[in-house]
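Everything below concerns the one structure shown next.
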Amino acid sequence: MILSGHEIERQIELGAITAKPFDPELINPNSIDLTLDDTILRYRDPVIDPRVEPEVVEEKIPEDGLFLEPMSFCLGSSREIVGSTEFVPMVHAKSSTARAGLFVHVTADLIDIGSIGTVTFQLFSTLGLRVYPHMRLGQMTFWKPKGEITLYSGKYQGSRGPRKSEIFRDRYWETQQR
Numbered sequence: 072m073i074l075s076g077h078e079i080e081r082q083i084e085l086g087a088i089t090a091k092p093f094d095p096e097l098i099n100p101n102s103i104d105l106t107l108d109d110t111i112l113r114y115r116d117p118v119i120d121p122r123v124e125p126e127v128v129e130e131k132i133p134e135d136g137l138f139l140e141p142m143s144f145c146l147g148s149s150r151e152i153v154g155s156t157e158f159v160p161m162v163h164a165k166s167s168t169a170r171a172g173l174f175v176h177v178t179a180d181l182i183d184i185g186s187i188g189t190v191t192f193q194l195f196s197t198l199g200l201r202v203y204p205h206m207r208l209g210q211m212t213f214w215k216p217k218g219e220i221t222l223y224s225g226k227y228q229g230s231r232g233p234r235k236s237e238i239f240r241d242r243y244w245e246t247q248q249r
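Right, here's the structure in full:
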């Protein structure tokens, strides 16, 4: 079951959903908007080896905007610290963002229950597009889980700002030959 905008606002007031800073103007019929912070990360190497920590370059987004080249990828983050220990958040592009050719997540839209922090946007621009600090880029929905809850406690917990891939810390992608 997806929460309505009114219920999202009520759950924020009750403390079951975190959204800081909270601006009621960001509430939609069944989501809350997420705004872009002022920093992005770009991978230094065009090839990522999952066994090696990738190097990144940090860039500030100027007030007059940052041009994203067509078919380019970078990592940004929400200005808001968001999450919940009672509901499952999912991140989506705003419709206008998607219509401008910008993906805000490549395939990772699910935020685990219990994860509280800024959302790392996986920005893939299909067209040339200028982005600005604090622009409404994405939106988050909240879903009621069914069953016993195990809260997220992984490596991205408590994120502040964009976070590069930490796949190099994972070993689950390796298979055992038997």
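When the sequence shown is numbered by the working numbering, its final residue is 249 and no position is left out of the sequence of numbers. Where is the CB? At the ideal position from N, CA and C, for every residue including glycine. Fair warning: this is a prediction, and the values are worked out from it, not measured in the lab.
Helix, strand or coil at arginine 250 according to DSSP, with G and I counted as helix: Residue 250 lies beyond the stretch modelled for the chain, which goes from 72 to 249, so this question has no answer here.
Closest by CA to threonine 110, which one among Gly199, Met206, Ile79, Val177? Met206
Locate the alpha helix (DSSP H) running through leucine 85, then write down its first and last residues. 76-85
Report the option in Gly209, Met142, Leu222, Ile152 whose CA atom is closest to the CA atom of valine 175. Gly209
Could you tell me which of Ser75, Ile187, Leu194 sits nearest to alanine 164, measuring between CA atoms? Leu194
With distances taken between CB atoms, is the gap from phenylalanine 93 to isoleucine 83 smaller than 8 Å? yes
Collapsed DSSP secondary structure at arginine 240 in the structure displayed: Here arginine 240 sits in helix by DSSP.
N- and C-terminal bounds of the alpha helix (DSSP H) containing threonine 168: 166-170
Those residues which DSSP pairs with leucine 112 across a bridge: Within the DSSP bridge table, the entry for leucine 112 names Glu129, Leu146 as partners.
Inter-residue CB distance, leucine 107 and glycine 172 (contact presumed, cutoff 8 Å): Not quite, the Cβ-Cβ distance comes to about 16 Å (not below 8 Å), so this is no contact.
Would you say valine 123 and leucine 112 are within 8 Å of each other, going by their C-beta atoms? no
In terms of residue numbering, what span does the beta strand (DSSP E) encompassing methionine 211 cover? 207-214
Could you tell me whether the stretch 112-121 touches the stretch 94-101, where touching means 3 or more Cβ pairs closer than 8 Å? no
Can you name, in chain order, every residue of its own chain whose Cβ lies under 6 Å from the Cβ of serine 143, other than the five neighbours on each side? Ser196
Could you tell me the boundaries of the beta strand (DSSP E) in which aspartate 104 lies? 103-106
I think arginine 231 touches threonine 189, with their Cβ atoms under 8 Å apart; what is that distance to the nearest whole Å? The Cβ separation is near 6 Å, so the contact holds.
Can you tell me the Cβ-Cβ gap for serine 50 and leucine 105, rounded? I've got them flagged as a contact below 8 Å. Outside the modelled stretch of the chain, which goes from 72 to 249, sits residue 50, for which no answer is possible.
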